[in-house]
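S.K.:
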Amino acid sequence: MDSEALVVGAGPTGLMMATELLRRGIDTRIVDRAARRNPHAKAIVLQPRALEVMARLGLEERIRDAALPLVAANYYTRGRRVARINFRGLKGSRFGTPLSLPQNETEGLLLEALHEAGGRVEYGHRLTGLTQDADSVAADLSGTAHRTGRLLGCDGAYSAVREQLGVAFTGPTYPQSFVLVDGEWETPLAPAEAHYFMGPAGVLVVVGLPGGLIRVFGSAPEGAGEENVEETVRAIAAERSPVPLRLASVAGAGHFRVHRKMADRFRQGRVLLAGDAAHVHSPAGGQGLNTSIQDAHEAAWRLADVIRGRLPETALGAWERERMHVARAVVTDTDRQTRLWTWGGWRERARDLAASAAERSGVLDRVLPSRFAQMDLRYPAEGPALGPLGPGTRLPDIPLPSGGRTHDLLREGRHALLVLAGHTPFAERDVPVCAHLDARTARALGVRRPGAVLVRPDGVVAAAAALADPTALRRLEQLLPARQGGSGTTTSTHHP
Ligand SMILES: Cc1cc2nc3c(=O)[nH]c(=O)nc-3n(C[C@H](O)[C@H](O)[C@H](O)COP(=O)(O)OP(=O)(O)OC[C@H]3O[C@@H](n4cnc5c(N)ncnc54)[C@H](O)[C@@H]3O)c2cc1C
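First residue of the sequence shown: 794, per the numbering used here; consecutive thereafter.
1. So, for Leu844: in the same chain, excluding its five sequence neighbours on each side, which residues have a beta-carbon less than 6 Å away from its beta-carbon?
2. So the candidates are Pro1250, Pro1218, Ile878; which of them puts its Cα closest to the Cα of Asp1262?
3. What are the start and end residues of the alpha helix (DSSP H) that includes Ile819?
4. Is Ala803 close to ligand 1? I mean its beta-carbon at under 6 Å from any heavy atom of the ligand.
5. Mind the definition here: the stretch 1157–1173 touches the stretch 1195–1208 only if three or more C-beta pairs lie below 8 Å; say whether that holds.
6. According to DSSP, Met991 sits in a beta bridge with which residue or residues?
7. Within a Cβ cutoff of 7 Å, which residues of the same chain sit near Glu1019, ignoring the five residues on either side of it in sequence?
8. Can you list, in chain order, the stretches of the alpha helix (DSSP H) that have 4 or more residues and sit fully within the stretch 920–994?
9. Assign His1118 to one of three DSSP states: helix, strand, or coil.
10. Quickly, what does DSSP pair His833 with across the bridge? List them, please.
11. Does Val875 come out as helix, strand or coil in the three-state DSSP assignment?
12. Could you tell me which uninterrupted beta strand (DSSP E) segments, each at least 3 residues in length, are contained entirely in the stretch 1172–1216, listed from first to last along the chain?
13. Could you tell me which uninterrupted beta strand (DSSP E) segments, each at least 3 residues in length, are contained entirely in the stretch 1005–1066, listed from first to last along the chain?
14. Out of curiosity, what's the CA-to-CA distance linking Phe1165 and Asp933?
15. Looking at the unbroken alpha helix (DSSP H) that takes in Ser796, where does it start and where does it end?
16. If you draw a straight line from the alpha carbon of Thr890 to that of Arg1008, how long is it in whole angstroms?
17. In its own chain, which residues sit with a C-beta less than 6 Å from the C-beta of Ala803, not counting the 5 before and 5 after it?
18. Nearer than 6 Å: is that true of the beta carbon of Lys835 relative to any heavy atom of ligand 1?
19. Mind checking who Ala1259 pairs with in its DSSP beta bridge?
20. In the DSSP assignment, the beta strand (DSSP E) including Val1000 goes from what residue to what residue?
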């Protein structure tokens, strides 16, 4: 065998996948058909849940230094602002707002994490064929044969891995194309905010970038081609924005089509598909890269445990079910947003009235920031809950009285057992990471009874039990993972 795992594609998905596998001691190679790193800005919005995953690779400070916090999104119709969403109200994450960072810079940080984990991207290696049997996968990389235990298809929307597997990728392409210019724009619009100018003729979106740059993109008028993108963007900016937008210099420009497609499976034998190879959708709400990074992180911790025999193969089936659930939700949500950008007539009026009313009542600020951040996304799972902490929910990342935050307990990349306002119910078990949280912290998590919560390495609750519920405790105990070597960590923050 040439490797335990082969990652095909070194975009954000492949970089996260390879780094996380290497950090877990899996002999991993990562290849990309390109001759060198991607130079294009593509995705710019990083949402808190994906940022949390990157922070676990030790990148938190570097991301904060490089990125621009986005504090609000504004929606306008016919020049009038109809709604504003304030991202600053986002609770339960160390990242209080989304951040703006061009994708090539995000990939630069992920590359640093890969190098720190001992990996290197092998550029100029294109996957052209693959076959698999019960024990391994044989890949053809630019004419060289490579045999691996697992193959991870992170090779983007036109995935060769997906094609080789014969997995269908179905869904429509939006009729309109989009154009964008990143550069210096002279405008009174607040740079640390997103601005959506909606109308039946098309949408115009303005988002700040770090370093004083601004991205302006929108749907191209019918007949506008791939040539003269700058002219097209200038023209739609003048037509759709009620305030001046004057282009002073260009950092990057592009023309792209938007699709809404999903692979009909994310796993076949020893091969997984993740990121754009598994799902593509509109850039509305900035979800593509964010969803992709999480696909990879959530596959990698399970795959490492499956390879080491600590989890059964069915754990990868659970990954596929969860990530298909997320992808479906993201594809549906972004499609809805994309359509309502260009509504006209009575639907436009109804949309704007509803948006204004929702803003006035505070619903927009309460609901949408955590929805865009994918923080309220819950995996389908059954079992007892402890207040809002039930199987499949995300553990909020809140401050601990002793310093640090709840998600710091996941730094080691293992499951963590949180004992809330009580004594550990499994004194005789050797739990890898066990933390006691005091009654105040429990209340801040919405928990009012003494209990225990088992949290997965991705911050998702695996099981919860009230200490007074022996059946639920037994169920939770059955899910406690075996020790993975090294010393366990026991953290105590004010015993109740
Ligand atoms: C204009 C634009 C704006 C966007 N804005 C946002 C945003 O704000 N927020 C957001 O979350 N998402 C956004 N997206 C989407 C985001 O860019 C993608 O979701 C993201 O790039 C997916 O990452 P990936 O690693 O899965 O795929 P990719 O980034 O496409 O990487 C795939 C890699 O695989 C390599 N590869 C392909 N075929 C092979 C092969 N046969 N062998 C070896 N290597 C191969 C490629 O060279 C590439 O490096 C935007 C996209 C565009 C185009």
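Beta carbons are placed, not taken as given, at the ideal position from N, Cα and C, and that holds for glycine.
M.R.: On the basis of the coordinates in this document:
1. Here the set comprises Phe888.
2. Pro1218
3. Looking at the DSSP string, Ile819 is not in any alpha helix (DSSP H), and its letter there is neither H nor E.
4. Because some heavy atom of ligand 1 lies under 6 Å away, the Cβ of Ala803 counts as near it: yes.
5. no
6. Thr870
7. His1048
8. Assignment of alpha helix (DSSP H) within the stretch 920–994, counting only whole runs of 4 or more residues, yields 953–958 in chain order.
9. helix
10. Beta-bridge pairing by DSSP links His833 to no other residue.
11. Val875 sits in a strand when the DSSP states are folded into three classes.
12. 1209–1213
13. 1007–1012, 1039–1052, 1054–1056, 1064–1066
14. Each residue's CA atom was taken as its position, placing Phe1165 and Asp933 some 39 Å apart.
15. Per DSSP, Ser796 is not a residue of any alpha helix (DSSP H); the beta strand (DSSP E) it occupies stretches across 796–801.
16. 18 Å
17. Ile823, Asp825, Val914
18. yes
19. Gly1244
20. 997–1001
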